Amino acid sequence: MNIAAATESPPVTFRLRRPPTVPLEAETLTPDVIERLSNAEIRSLIVYHGKRQLPLSEFFDVEGERSDRLELHGDLNKVRWIGRAMSHGSITVHGRVGMHLGAYMRGGEIEVHGDAGDWVGAEMKHGFIRVRGNAGGQVGAAYRGSLAGMKNGLIIIDGTAGLEVGMRMRRGTIVIGGRAKDFVGLQMKGGTIVLLEGAEIRAGAWMNRGTIISLQPIQLMPTFAFAAAYNPMFMHILSRHLQPHGIALPCAASEGSFQLFSGDLAVPGKGELFVWEGQSPAI
Amino acid sequence: MLRIVNGKVYDPANGIDGQVREICIDESGRIAQNVTGGRTIDATGMIVFPGGVDVHTHVAGGAINFARAMTPEDHRRTQAFIRTKTRRSGLGGMAPTTFATGYLYAGMGWTTVNEAAVPVLSARHTHEELTDIPIVDKASLTLMANNEIVLDLLENGEYERAKHAVAWYVWAAKSYGIKAVNPGGVAAWKWGHDAKQLTSPIAGYNNITPGTIVTQLARICEELNLPHPIHLHCNNLGAPGNIATTIDTLKHLEGRRAHIAHSQYHAYGGDGWESMCSRTSELADYFNSHPQLTTDAGAVLFGDTVTITADGPWQHLLYKLTGRKWGNLDVENETGCGIVPYTYRPSNLVNAVQWAAGLELLLLIKDPWQVFLSTDHPNGGCFWRYPEIIKLLMCADFRRECLTQLPARIKKHITLPEIDREYTLYEVATAMSAGPARALGLTRKGNLGVGCDGDVVIYHDTDDVEQMFGHPRYVIKGGEIVIEEGEIRETPEGREFLARPSYDPATDEFMKPLFEECYTMSFENYPVELERIERAEIMECSSE
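Protein sequence lines, in the order shown, are assigned to chains U and H.
Start counting the first sequence at 26; every next residue gets the next number (our numbering).
Start counting the second sequence at 928; every next residue gets the next number (our numbering).
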């Protein structure tokens, strides 16, 4: 995906001058806010350094103005809420990024060349987030107490992910390239989670509906029941949907088949958990 | 000292209906005949009401605190109160925090609230929270209809001793009166049952039935001479067809005074969720022919809220129906409690019937001295939405407009479309202030007569009813201007009303061994000390 080609005007670039000593809450770093402002106005935007309000220029050198394309450079692992509730435009981060990246996002694209913290795309409604490195926990999840996590959109984490990926998600797709930790799809209500390298324990706990696909064997909870072994049609469509992002799912019966388990029967839920079982090479 | 001139006064307690009168408040904060000096408010083009009185609300204690803890999602989206020089911080929303509760009530002109359900075991906690609710005056009611010591006494026919025990409990909890919730049903819930028939014995007992509890507790309240009669949450709340249970309960009162809480939830016909309909006209007729009864509507407004009640079995059912979060508290030998966040939707037939039924009761019970404004906060909606209900009561056209948003098939289930009555300002003042104050026995509230508390609210006289009642021009509490031009100016501490019924001094010795046998705390730590109540105002109740 070539984000840079999305619009004509030059992007606004932010370079971190000094790393914040405590978390920096910077929900103003979204295209929706930046696109309307001159360079001076952007510099004077208020960010919260702990409880103190400071101008953005205390932490960032800013170049450019009035663009819905943002480029961030530096070790931003303490900078939170980047792209919060953004509706369009793009954010590219070169470096690590802190918690709540793209939370409540409604549209647009975020790309991170580095690692991301917890709560990537939490409760997002639409849009696309790609993290080239690893992510923390609660990717696309519901915040504590909320009934639903991500409602649509696509999140791709190339590396590993932490606990509770897709917790209470309702729709949309999450792809985790590396291994995910415990409780993938906890209390999931819909949507799809693709695990290219499998996950730790208790995947799908309390899931009501939705789909978890693992291309590697994973440890199943006893409340998931074997239903069938087959090659579902939708896997072709999902694979084609993910193909522009360089992700391919095995579909052909000649390569193997998916084992379908249904659960979580403790809820009782109608979720489906697919585990790929490749054909052992013919002797 | 304060003088309010040129305002149109609505003071139902004294029969003043919109005449221009002068209201004076002396330095002790009481209404006076005349004052010299002090500030004068020119209320030209404004209307003057006695401060609102909420007869039934849940604003402090274990249950509402559990509800706060269970709904962090609401805290993220709700109105935040940022600390200022005069104001503490807090959060509004479905279950507002203590300080915010005071600001929100006062912000719409309410100056007295009655916390309607307090187990004796969490009375201390409740009083601590009530102390932290600024501006408004407070009272609380003790849960009594599932208390095992009292039920055992009634089971054994020891009525006199039960009466002394109840009086002992009221004083131990430092409360103002008695609340009965699902009589016998919460005790039965601890055996996995409920109590839906007034005449069937309660699980765990041989003799007593919900009916006996209702009759005996009503009699006890009367004989103890409590300022407020029995405050009754009937059995079978929320269930289709429960009108029969409700009417049966009212008959078990045997002509005694009573306040029926949130009667909207007790006025349904039908035999299932599909056929559920409003039978409010039947209930309203009963009230119309029994002037000794009062009630509050427990009206429902569409939107998100959190339901909390001592009615544990009902909350379990509601959790099963919604599949949402559920909290359950077991309060040792006294009562239970359930908490379930809930969303009332206009598209849902049952919710639509509930919405209509609350308004129907307010409109069909003819005497506004008998039916009061409430949402059973936070169960039917949050208290800070009262102005919306007032608008629905005052504007029949607005009601019709709202009805068009409901499913078409609702018409067979409700009578609201046939009701044309519109509340006058005088009736609103009765239902929000004078009526509930009288029902609570708070003689100096809801009344602008000389000697009463200087709790006054002044509204702009405009056609936009919701705006007018939501944003008072001035709110005066005990003679102090607390709200002016939409700003909180002062946050005085409110008082707490307690009732002290007399009881046999030997009750302590009777209770102690029973208590030590079955409670987890020591007897000495159980009653709330009077010193813990700040600004207590005690009403002595003589038993003869």
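We treat Cβ as the ideally placed atom computed from N, Cα and C, and that holds for glycine.
Note that the structure is predicted; figures quoted are calculated from it, not measured.
For Ser279(U), not one C-beta of chain H is nearer than 8 Å to its own C-beta. Look at the region 1396–1465 of chain H and you find these whole runs of alpha helix (DSSP H), each 4 residues long or longer: 1434–1445. Beta-bridge pairing by DSSP links Pro1110(H) to no other residue. Taking a beta-carbon distance threshold of 8 Å, Arg131(U) does not count as an interface residue toward chain H. Legend: CB atoms of the region 1002–1032 of chain H lying less than 9 Å from CB atoms of chain U belong to residues His1002 and Arg1003.
Contact between Tyr1271(H) and Leu1245(H) does not hold, since their C-beta atoms are separated by about 12 Å, which reaches or exceeds 8 Å. Only residues of its own chain outside the window of five on either side were considered, and among them Leu1081 have a CB closer than 7 Å to the CB of Thr1139(H), listed in chain order. A contact is defined here as three or more CB-CB pairs under 8 Å, and the region 1398–1412 of chain H meets this definition with respect to the region 966–980 of chain H.
Residue range Pro1137 to Leu1151 is occupied by the alpha helix (DSSP H) that includes Gln1143(H).
A contact between stretches requires three or more CB pairs, one per stretch, nearer than 8 Å, and the region 1232–1249 of chain H meets this requirement with the region 1107–1119 of chain H.
With respect to chain H, the C-beta atom of Tyr168(U) has a partner C-beta closer than 8 Å. Sequence-distant Cβ neighbours of Val1045(H) in its own chain, meaning closer than 7 Å and more than five residues away, are Gly988, Thr1053, Ser1067, Leu1068, Thr1069, Leu1070, Ala1100 and Ser1102. Residue environment analysis places Asn1134(H) among the exposed positions, since fewer than 16 neighbouring C-beta atoms fall within 10 angstroms of its C-beta. Contact of Ser171(U) with chain H by beta-carbon distance below 9 Å involves Pro999, Glu1000 and Arg1003. Exclusion of the five residues before and after Asp1175(H) leaves Leu1125 as the residues of its chain whose Cβ lies within less than 7 Å of its Cβ. Under the DSSP definition of a beta bridge, Pro48(U) lacks any partner.
For Arg155(U), the pairing in a beta bridge is given by DSSP as Glu136(U) and Ile181(U). In this structure, DSSP gives Glu1087(H) a helical state, which the three-state scheme calls helix.
Bridge pairing for Ile952(H): Leu929(H) and Ile958(H) [DSSP]. It is roughly 44 Å from the alpha-carbon of His1189(H) to the alpha-carbon of Gly127(U).
Under the criterion of beta carbons closer than 8 Å, Ala160(U) and Gly132(U) do not qualify as touching, at roughly 20 Å.
In the DSSP assignment, Cys1264(H) falls within the unbroken beta strand (DSSP E) covering Thr1262 to Tyr1271. Counting only runs of 3 or more residues that sit fully inside the region 1170–1231 of chain H, the beta strand (DSSP E) segments are 1185–1187 and 1220–1223, in chain order.
Note on Ser115(U): 16 or more other CB atoms within 10 angstroms of its CB, so buried under the neighbour-count rule. A straight-line Cα-Cα distance of about 41 Å links Val1233(H) and Met260(U).
Counting every other CB atom within 10 Å of its CB across the protein chains shown gives Asp100(U) a total below 16, marking it as exposed. Taking 8 Å as the cut-off, the beta carbon of Gly945(H) is found closer than this to the beta carbon of Tyr1353(H). Annotation: Glu83(U) to Leu1286(H) spans about 57 Å, alpha carbon to alpha carbon.
Taking all protein chains shown into account, Arg121(U) has 16 or more neighbouring C-beta atoms within 10 Å of its C-beta and is therefore buried.
Of the candidates Phe85(U), Lys76(U) and Asp57(U), the residue whose Cα lies closest to the Cα of Ser69(U) is Phe85(U). For Asp938(H), the pairing in a beta bridge is given by DSSP as Ile943(H). Distance from the CA atom of Phe249(U) to the CA atom of Gly203(U), rounded to whole angstroms, is 23 Å. For Asn1275(H), the secondary structure class from DSSP, reduced to helix, strand or coil, is coil.
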